[in-house]
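Enquirer:
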Amino acid sequence: MRSNTPVRGHMAVLHPMRIRADALPLADRMFNIWTFSALMLAFAAALIAPAFAQEAAPAERSTIEILLEWTPTLAKGFGFNVLISILSMIIGTVLGVILGVLQVSQVRIIRQAAWLVTQFFRNSPWLVLLFYCILLIPFQLDIFGTTIPFPGWIKAIIGLSLPVMAYMSEYMRGAILSIPTGQWESAESLGFSRRQTLTDIILPQTVKRVLPSWMNLYAVLTMATPLVSIIGVSDVMSLTRAALSAEGQADLLIPMYLYILSWFFIYCYPISAATRFFERKYSVKT
Amino acid sequence: MTISIKTAIAAAVAAMISTGAMADALQDIKDAGKIVVGVKQDYKPWGYLSSDGELQGLEIDLAKDVATRLGVEVELVPVVASNRMEFLQQGRIDLIIATMGDNPKRRQVIGMIEPNYYAGGTNVIAPKAAELSEWESLRGKDVCALQGSYYNRRVTELYGPNLVAFAGIPEATAALKNGSCIAFLYDNTWIESQLASDEQWADFEMPFATEDPQAWSIAVPLEELDQAYGQKMSEIVTDWHKSGFLIERNEANGIAPSPFLQEQHDMLK
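Protein chains in written order, with my numbering: chain A, 131 to 416; chain B, 86 to 354.
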C-alpha cells in the first residue's frame, strides 16, 4: 500500500519504521568471510606460482619450503609484536582513562594541562615518539643501588603507549561528555559526591561507548608495532629482513612480506570484525 | 617556595640516577661472565640469521673468539648502522663487531680498535647488459643504495647518480633485479662474494675499479680505548692477523680472499 511519492494528506512519518535486512555497513559487505577466503586463495596462489616456475630446477628449495623453514623464527618475532602491542595497550589504556577524566576536571589548570598532554601526544608521529623514548631513556637506571634495566623492547612499549594514552584520553573525554548532563544533576540531587558520580554512574556508562573505538585502536596499534624494528628491537619485521638477506633471493621478497602481512591480517581481522559487532550492538537507534 | 622544592627534588633524583661509571670495563665483563657484542644480522656472510634463529657469519665467529679468549660467555645483540654507536655509548653492548668503517668523525664518538680487522671499498653490481665502464657513466642514472651507508654521499658528490636508498639489502637487490635502477652501490667485498658464489648473479658484474678503501674496526666505548679493555682488544685483533685466524675464518665463511687480510698477515708475521 505504501507509496514512495508524497501524497497530500499522507504523512510518511507516521509509518512504523521497518528495519531492512541489508542494513549492514559497507565495510561488512566488502569484508566478509568470502573476501577473506579469496584473499587467502590469492595468497596461496602467490606462494605456489613461483614454486611451479622453479620446477625446472628441483635442487632449489621452493618458496613454500623456505617460508615454512623460517616460520618458527618469524613466529617468535610475531609473538614479540603481539606482546608489545598488548602491554602498550594496557599501559596506554590505564593512563588514557586517567588523563581523559582529568580533561573534564572542574579545576581549570588540571583540565588545561591534561588537554595539552593529550594534544601533544595525539598529534605527534608515532615513530618520532619511539625515537625519543629510545634515545632519552637510559639503558639502565641505578636508583638506591638497585639497577633497573631498560632493554629496547620496554622502551618500545613505553613509546607506543604514549599515543595510545592520548587517543584513549580523547575517547574518554568524548564518552563522558556524551552522557546527558541531567545525570550529573540527578546524582548531585541524590547526594552523590562528584567522585562517586564519576566512578559509580558516569564511567560504567562510558565503557560501551568507548569499547568499539578502543578495539579499533588496538588493531591500529598492532599494525604499528613493526615500527619498533627501526629502533633495533628484534620484532617480526627485522627478523623478516634478516631472513631475506640470509636467503639472498630477490624474488623471495614479495612472498615473504605477503606471508607476514597475512599473519597480521589473521590476527587483526577478528578484532575489527568484533569491533563492528559491538558498534552495531551499542549504536543508538534512530 | 614550590619551585625551590621541585629543584631540590630534581637535583636529588638526578644524583641518584647515574648510569654507573665503569671503573674497569674488562674486569666488569669478567665478573659478569659474559661479553655483549653488537653484530649485524642482515649482512650475509659477515653476520646473518640462520633459519633456526641462530646468528652466523664471519663477525659472529670473531665475537665468539673474543669471548673464548676472555674466558666468558658471548651474548649477541643484533644492531644496525643507525643504532650501534648509541648502544655502545649507553652500555647496552660492550663491543661492536658490525662491518663498521673506521673514520675520524666516528673516532670522536667511540673507541676504534687498531689494527683494523677488515677492509672494504666502494663498487657497484650491475647487469652485464648495462655495459657500464667507468664511474662517470652513473651520472644522472638511478642507482640503488642502502640508507645510512657512508659512501652514498661521496659517490653522489663525485659522480652525481640519482640515488634510490633502501632500508635493506633484499629490497635493494629486488629493485636492481626488476630494473628499477641500473646498478646497486655497495661494498666490493659483498659484491665479490655474491658474484663468486651465487647463480642468480650470473648476468651481473662489478664493472668499476674499487674506490675509497675503508678499513673496518671493532669498537669499544671511547673512554676504554686506552684502558686495559681497549688494549686487550687491540692485542686480540693483532693476533687474529698474525695467526691467520681471520684469513681462515674468511675462507670458511665463503668470502672471496681479501688482499687486506693477506697484507696485514704478511706484515705482522
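All C-beta atoms, glycine included, are put in the ideal place defined by N, C-alpha and C.
How would you list, in chain order, the residues of chain A whose beta-carbon sits under 9 Å from the beta-carbon of B/Gly-176?
Expert: Pro-268, Phe-269 and Gln-270
Enquirer: Which same chain residues, not among the five before or five after A/Val-358, have their C-beta less than 6 Å away from its C-beta?
Expert: Ala-286 and Asp-365
Enquirer: Would you call the stretch 317–333 of chain B and the stretch 249–268 of chain B in contact, with 3 or more CB pairs under 8 Å?
Expert: Flag = no, the stretch 317–333 of chain B and the stretch 249–268 of chain B do not touch.
Enquirer: Helix or strand or just coil, what does DSSP make of B/Tyr-202?
Expert: Of the three classes helix, strand and coil, the one that applies to B/Tyr-202 here is coil, per DSSP.
Enquirer: Establish whether the CB of B/Leu-134 and some CB of chain A are separated by less than 8 Å.
Expert: yes
Enquirer: Whole angstroms is fine: what's the gap from B/Leu-346's alpha carbon to A/Gln-249's?
Expert: 57 Å
Enquirer: Go through its chain and collect everything with a Cβ distance to B/Leu-140's Cβ below 8 Å, but skip five positions before and after it.
Expert: Contacts found: Val-124, Gln-126, Gly-132, Tyr-133, Leu-134, Leu-161 and Pro-163.
Enquirer: Listing by chain order, which chain B residues have their CB less than 7 Å from the CB of A/Arg-410?
Expert: None at all; the shortest Cβ gap to chain B is about 41 Å.
Enquirer: Between B/Asn-201 and B/Trp-275, which are expected to be in contact by the criterion C-beta below 8 Å, what is the C-beta distance as a whole number of angstroms?
Expert: Their Cβ separation, rounded to whole angstroms, is 17 Å, which puts B/Asn-201 and B/Trp-275 out of contact at 8 Å.
Enquirer: Examine chain A for any beta-carbon lying closer than 8 Å to the beta-carbon of B/Tyr-128, and answer yes or no.
Expert: Yes, B/Tyr-128 lies at the interface with chain A (some Cβ there is under 8 Å from its Cβ).
Enquirer: If you draw a straight line from the C-alpha of A/Arg-252 to the C-alpha of A/Leu-391, how long is it?
Expert: 26 Å
Enquirer: So the candidates are A/Ser-368, A/Asn-346 and A/Leu-347; which of them puts its Cα closest to the Cα of A/Pro-356?
Expert: A/Ser-368
Enquirer: Would you mind giving the Cβ-Cβ distance between B/Gly-196 and B/Leu-310, rounded to the nearest angstrom? I have them listed as a contact below 8 Å.
Expert: That pair is a contact at about 3 Å.
Enquirer: Counting only beta-carbon separations shorter than 8 Å, does B/Asp-146 have a partner in chain A?
Expert: no
Enquirer: Grouping DSSP H, G and I as helix and E and B as strand, with all else coil, what is B/Trp-301?
Expert: In the structure shown, B/Trp-301 sits in a strand (DSSP, three-state: E or B).
Enquirer: Report the three-state DSSP secondary structure of B/Asn-338 (helix, strand or coil).
Expert: coil
Enquirer: Output the boundary residues of the alpha helix (DSSP H) element that contains A/Ala-243.
Expert: 238–252
Enquirer: Does B/Lys-262 get closer than 8 Å to chain A when you measure Cβ to Cβ?
Expert: yes
Enquirer: Within 8 Å of any Cβ in chain B, is that where the Cβ of A/Glu-199 sits?
Expert: yes
Enquirer: The alpha helix (DSSP H) with B/Lys-354 in it runs from where to where?
Expert: Here B/Lys-354 belongs to no alpha helix (DSSP H), and DSSP marks it neither H nor E.
Enquirer: Using a threshold of 8 Å, state whether the C-beta atoms of B/Ile-182 and B/Ile-303 are closer than that.
Expert: yes
Enquirer: For my contact list, A/Ser-220 and A/Leu-232 are in at a C-beta cut-off of 8 Å; report their separation, rounded to the angstrom.
Expert: Inspection of the sequence shows that residue 220 of chain A is occupied by Ile rather than by Ser. That pair is no contact at about 19 Å.
Enquirer: In the structure shown, what three-state DSSP assignment does B/Phe-208 receive?
Expert: Phe is not the amino acid found at residue 208 of chain B; the sequence shown has Asn there. Here B/Asn-208 sits in strand by DSSP.
Enquirer: Between B/Met-291 and A/Pro-268, what straight-line distance do the alpha-carbon atoms span, to the nearest angstrom?
Expert: 44 Å
Enquirer: Determine, for B/Met-107, whether the minimum Cβ-Cβ distance to residues of chain A falls below 8 Å.
Expert: Bear in mind that the predicted position of B/Met-107 carries a pLDDT of just 45, short of 50, making it unreliable; the figure below should be weighed with that in mind. With respect to chain A, the C-beta atom of B/Met-107 has no partner C-beta closer than 8 Å.
Enquirer: Report, in whole angstroms, the separation of the C-beta atoms of B/Lys-119 and B/Val-159, which I expect to be a contact under 8 Å.
Expert: 7 Å
Enquirer: Let me see if you follow: with CB-CB separation under 8 Å, is A/Ala-354 close to chain B or not?
Expert: no
Enquirer: Should B/Leu-335 be labelled buried (16 or more other beta-carbon atoms within 10 Å of its own) or exposed?
Expert: Reading off the sequence shown, one finds Asn at residue 335 of chain B, where the question assumed Leu. Buried, because 16 or more other Cβ atoms sit within 10 Å of the Cβ of B/Asn-335.
Enquirer: When the cut-off is 8 Å and only beta carbons count, does B/Asn-338 lie next to chain A?
Expert: No, because no Cβ of chain A sits closer than 8 Å to the Cβ of B/Asn-338.
Enquirer: Sorted by chain position, which residues of the same chain lie with C-beta nearer than 6 Å to B/Ala-230's C-beta, five sequence neighbours on each side aside?
Expert: The answer, listed in chain order, is Asn-237, Leu-248, Ala-250 and Leu-270.
Enquirer: By a C-beta neighbour count over all protein chains shown, 10 Å radius and 16 as the cutoff for buried, is B/Gly-156 buried or exposed?
Expert: exposed
Enquirer: Less than 8 Å between the CB atoms is what I'm expecting for A/Leu-383 and A/Leu-374, so what's the real figure, rounded?
Expert: Contact flag correct, Cβ pair sits at about 6 Å.
Enquirer: Since B/Leu-270 is in the beta strand (DSSP E), which residue starts that stretch and which ends it?
Expert: 268–272
Enquirer: Which chain A residues are close to B/Asp-283, counting only those with a beta carbon under 8 Å from its beta carbon?
Expert: Gly-378
Enquirer: For B/Asn-247, which beta-bridge partners are listed by DSSP?
Expert: B/Asp-227
Enquirer: Within 10 Å of its beta-carbon, does B/Asp-179 have 16 or more other beta-carbons around it, so buried, or fewer, so exposed?
Expert: buried
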